[in-house]
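Numbering (UniProt numbering), first residue to last: 1 to 653.
The next block holds one structure in the form of structure tokens; read it before the comments.
Have a look at this one:
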């Protein structure tokens with residue numbers, strides 16, 4: 001899978017997880033609203049079974065979906081919790097006809113979805129292909145009773161259950177539909193427990209087998225508890241055992257055998273659960289002290305639901321406030337991972353240090369961060385933000401035990417200092433950024449060495465050209481004049497001597513021209529700060545009637561000397577080829593500063609190159625100069641003419 005497909009899959013997974021969390025938070029929020037209305041006296045009493053189911057199953061289902069999004073077990077658990085929330089929320093306003101109608105049937109999925117979960121637990125598939133029939137029967141047991149109850153209650157939903165218990169409820173097709181559904185539920189429940197037994201028998205010995213047996217035990221507890229609840233109504237023990245049997249079995253499986261790999265989340269859930277139990281005790285004690293009545297079931301559960309709803313909100317707000325004020329300090333591991341990803345992203349050498357200080361400054365919400373590569377130099381090599389005058393903290397950057405620089409950061413405000421956690425995270429970031437800083441330091445040292453070598457080379461070239469011009473050239477001219485005088489003083493009879501001196505004078509004249517050409521070329525290689533002017537001077541010296549246009553594009557003053565010299569020589573050699581071989585009237589030279597280097601292009605309108613490219617006319621030397629600097633050289637046939645292109649890469653200073 002390529003990176004784009006992986007990113008698309010991650011985005012889809014994040015959207016699915018967001019949907020699950022929105023459903024869970026919405027369900028718990030609906031229960032909290034119902035509890036608040038009941039505490040305020042605006043809603044009649046309702047059975048706490050739906051509240052418990054909504055909170056417990058939504059939290060459990062959300063965690064399973066977060067770990068295994070394609071496993072239907074998590075979604076069934078989440079649907080059970082949402083059904084409980086609908087059942088609890090629909091009772092708050094009994095005068096509303098549509099809410100009364102929802103409350104007449106929405107409680108049923110909190111029971112009937114359990115066979116579906118048991119048939120698919122824990123892999124998301126039944127133990128065999130034939131067991132899909134049982135899954136279908138379980139689905140019928142979920143849908144038909146809900147449809148039958150909703151159908152029967154449609155005429156008078158507010159009085160529906162009173163009519164049921166009085167024996168005056170509507171009969172006929174709705175009752176038949178519901179009856180078929182109830183029968184399907186009973187069959188599906190028996191099949192679900194049988195499937196767990198088969199799965200436990202077939203599963204090899206180990207943790208997964210024990211998980212199945214635990215869930216089967218919870219299911220066997222659920223059936224009689226459900227019967228007791230139907231027989232005794234709001235008896236605490238009956239409904240609580242029926243509602244908690246399966247979640248308790250799953251919790252034990254998670255704790256003991258690592259089911260779904262969500263132990264850490266469960267540990268935190270148990271922690272807050274114990275805190276909730278403690279809160280119930282404190283709440284009950286305060287109520288008993290201040291009043292003569294003990295708290296009712298609804299009061300206690302309402303308190304727990306409100307606290308359970310506020311706890312995640314508190315965590316989210318705390319994380320947001322810490323992130324806004326202190327940046328990544330609240331999650332140092334994530335900060336280090338993100339810094340590592342930033343440095344692992346391909347970038348140029350000159351972008352490394354700005355990326356480091358920018359990420360540290362933004363990640364920790366610091367107003368000023370700087371990196372000093374020279375410990376003795378006060379000028380920073382890269383800066384984020386501006387100095388505020390607040391307290392500074394410096395961290396030495398080390399690579400393989402050697403000091404390579406200094407990371408300086410200012411506190412967030414005047415009068416403050418960086419806390420212990422800030423300093424520790426800053427030191428960890430410095431350690432992770434040290435290799436990148438070392439790489440930037442080596443690149444800077446290489447550029448400085450290249451610049452120093454170039455200065456020394458230019459000085460040496462200037463000295464040699466001056467010596468040739470000031471000493472050797474005049475000496476050769478003087479020797480020639482002396483030999484001319486000697487030639488004139490010879491007798492006509494000395495024919496042999498006159499011939500030798502005349503030949504020597506011709507050689508001296510050639511040598512004088514060579515010295516002048518060497519001096520001129522040496523001075524031309526001393527480009528100075530303006531590459532464009534140097535190329536234009538070279539074009540004027542060799543044009544010989546050829547119209548030459550030199551066009552610079554972009555900033556050329558930061559081109560490294562070695563790159564500029566190679567570009568100058570390539571352009572000059574290409575112009576010589578045009579003059580000598582192309583029979584052209586015009587030549588256009590472009591010096592284009594790109595984001596990755598310098599591009600030299602020479603285009604003429606001549607007769608072009610022959611079919612077999614002759615590399616004996618300077619093309620080989622141009623290609624070698626370009627390749628020596630890691631560049632790309634190409635020759636293209638035009639109509640008419642030829643184009644020679646050389647792209648020489650370099651890192652900006």
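Glycine residues also receive a C-beta, built at the ideal position from the N, C-alpha and C atoms.
Length of the line joining the Cα atoms of residue 696 and residue 440: Any answer about residue 696 is impossible in this case: the structure gives the chain only from 1 up to 653.
Backbone secondary structure at residue 123 - three-state DSSP: The residue labelled residue 123 in the question sits at position 123 within the chain shown. Three-state DSSP puts residue 123 in coil, outside helix and strand.
Beta-bridge pairing of residue 632 - partner residues as DSSP gives them: Position 632 of the chain shown, counted from the first residue, corresponds to residue 632. Note: residue 632 sits in a beta bridge opposite 647.
Any 3 or more C-beta pairs closer than 8 Å across the segment 557-574 and the segment 624-637: yes
Backbone secondary structure at residue 79 - three-state DSSP: As a working note, residue 79 is residue 79 in the chain shown. Reduced to three states, the DSSP call for residue 79 is helix.
Element boundaries [alpha helix (DSSP H), containing residue 481]: Position 481 of the chain shown, counted from the first residue, corresponds to residue 481. Per DSSP, residue 481 belongs to the alpha helix (DSSP H) from 473-489.
Spatial distance of residue 468 from residue 550 (CA atoms): In the chain shown, counting from the first residue as 1, residue 468 sits at position 468. In the chain shown, counting from the first residue as 1, residue 550 sits at position 550. Rounded to whole angstroms, residue 468 to residue 550 spans 31 Å at the Cα level.
Buried versus exposed call for residue 235 [16 or more other C-beta atoms within 10 Å across all chains shown]: As a first step, residue 235 is located in the chain shown; it is residue number 235 there, counting from the start. Residue placement at residue 235 cannot be trusted, given a pLDDT of 48 that sits under 50; what the coordinates show is reported in the next sentence. When all chains shown are included, residue 235 counts as exposed.
Exposure of residue 554, with buried meaning 16 or more beta-carbon neighbours within 10 Å: In the chain shown, counting from the first residue as 1, residue 554 sits at position 554. Exposed, because fewer than 16 other Cβ atoms sit within 10 Å of the Cβ of residue 554.
Cβ shell of residue 180 (< 6 Å), same chain only, five flanking positions each side left out: For the purposes of this step, residue 180 is identified with residue 180 of the chain shown, where counting begins at 1. Here the set comprises 144.
Neighbour-count burial assignment, residue 195, 16 or more Cβ in a 10 Å radius: Reading the chain shown from its first residue, position 195 is the one you call residue 195. Its Cβ being crowded by 16 or more others within 10 Å, residue 195 is buried.
Residue 103 vs residue 142 beta-carbon contact at 9 Å: Indexing the chain shown from 1 puts residue 103 at position 103. Indexing the chain shown from 1 puts residue 142 at position 142. Contact flag unset, no.
Residue 453 burial status per 10 Å Cβ neighbour count (16 or more: buried): Taking the chain shown and counting its residues from 1, the one referred to as residue 453 is at position 453. The residue in question, residue 453, is exposed, as its Cβ has fewer than 16 Cβ neighbours within 10 Å.
Residue 257 versus residue 418: straight-line alpha-carbon distance, rounded: On the chain shown, position 257 is the one that residue 257 refers to. On the chain shown, position 418 is the one that residue 418 refers to. For residue 257, the pLDDT reaches just 48, beneath the cut-off of 50, and the residue's location in the model is therefore unreliable, leaving the point undetermined.
Bridge partners - residue 599, DSSP secondary structure assignment: Residue 599 sits at position 599 when you count from the first residue of the chain shown. Residue 599 is bridged to 592, 647.
Which of helix, strand or coil DSSP assigns to residue 604: As a working mapping, residue 604 is identified with position 604 in the chain shown. Three-state DSSP puts residue 604 in a strand.
Residue 2 classed as buried or exposed, judged by whether at least 16 other C-beta atoms fall within 10 angstroms: Start at 1 with the first residue of the chain shown, and residue 2 comes out as number 2. Interpretation of residue 2 is limited by its pLDDT of 47, a score under 50 that renders its predicted location unreliable; the figure taken from the coordinates is listed afterwards. Burial call: exposed.
Reference residue 595; option with closest CA among 182, 568, 558: As a working mapping, residue 595 is identified with position 595 in the chain shown. Closest option to residue 595, Cα to Cα, is 558.
Best match in 515, 573, 446, 71 for proximity to residue 535 [C-alpha to C-alpha]: Along the chain shown, one-based indexing puts residue 535 at 535. The residue with the shortest Cα to Cα distance from residue 535 is 573.
Buried or exposed by the 16-neighbour rule on C-beta atoms within 10 Å, applied to residue 380: For this step, residue 380 is matched to residue 380 along the chain shown. Its Cβ being crowded by 16 or more others within 10 Å, residue 380 is buried.
Rounded C-alpha distance that separates residue 608 from residue 491: Along the chain shown, one-based indexing puts residue 608 at 608. Along the chain shown, one-based indexing puts residue 491 at 491. Answer to the nearest angstrom: the Cα atoms are 57 Å apart.
Residues near residue 150 by beta carbon distance below 8 Å, same chain, minus five either side: Within the chain shown, the letter at position 150 stands for residue 150. So the list reads 101, 104, 105, once near-sequence residues are dropped.
Rounded C-alpha distance that separates residue 488 from residue 482: Counting from 1 along the chain shown, the entry for residue 488 is found at position 488. Counting from 1 along the chain shown, the entry for residue 482 is found at position 482. Their Cα atoms are separated by approximately 10 Å.
Exposed unless 16 or more other CB atoms sit within 10 angstroms - verdict on residue 623: Locating residue 623 in the chain shown gives position 623, where the first residue counts as 1. By the 10 Å Cβ count, residue 623 comes out buried.
Residue 556 (DSSP reduced to helix, strand or coil): Taking the first residue of the chain shown as position 1, residue 556 is located at position 556. It is coil, neither helix nor strand.
First and last residue of the uninterrupted alpha helix (DSSP H) at residue 444: Numbered from 1 along the chain shown, position 444 holds the residue referred to as residue 444. That run of the alpha helix (DSSP H) goes 420-467.
Proximity test, residue 368 beta-carbon vs the ligand COA heavy atom, cut-off 8 Å: The ligand COA is absent from the structure shown, which contains no ligands of any kind.
Cβ-Cβ distance between residue 437 and residue 353 below 9 Å: For the purposes of this step, residue 437 is identified with residue 437 of the chain shown, where counting begins at 1. For the purposes of this step, residue 353 is identified with residue 353 of the chain shown, where counting begins at 1. Yes, they are a contact pair.
Alpha helix (DSSP H) segment containing residue 373, residue limits: For this step, residue 373 is matched to residue 373 along the chain shown. Neither: residue 373 is in no alpha helix (DSSP H) and is coded neither H nor E.
Neighbour-count burial assignment, residue 132, 16 or more Cβ in a 10 Å radius: Taking the chain shown and counting its residues from 1, one reaches residue 132 at position 132. Residue 132 comes out exposed.
Reduced DSSP category for residue 655 - H, G, I as helix; E, B as strand; rest coil: With the chain covering 1 to 653 only, the question about residue 655 has no answer from this structure.
Spatially closest choice to residue 472 from 506, 513, 435, 442, by CA coordinates: To locate residue 472, count along the chain shown from 1; it is residue 472. When only C-alpha atoms are compared, the closest one is 513.
Three-state class that DSSP yields for residue 627 in the structure shown: Against the chain shown, residue 627 aligns to sequence position 627. Reduced to three states, the DSSP call for residue 627 is helix.
Strand pairing of residue 549, partner residues [DSSP]: Walking along the chain shown from the start, residue 549 turns up at place 549. 588, per the DSSP bridge assignment.
DSSP-derived helix/strand/coil call for residue 414: The residue you call residue 414 lines up with position 414 of the chain shown. Reduced to three states, the DSSP call for residue 414 is coil.
Same chain, Cβ closer than 6 Å to residue 583, neighbours up to 5 away in sequence not counted: Looking up residue 583 in the chain shown gives position 583. 606, 607.
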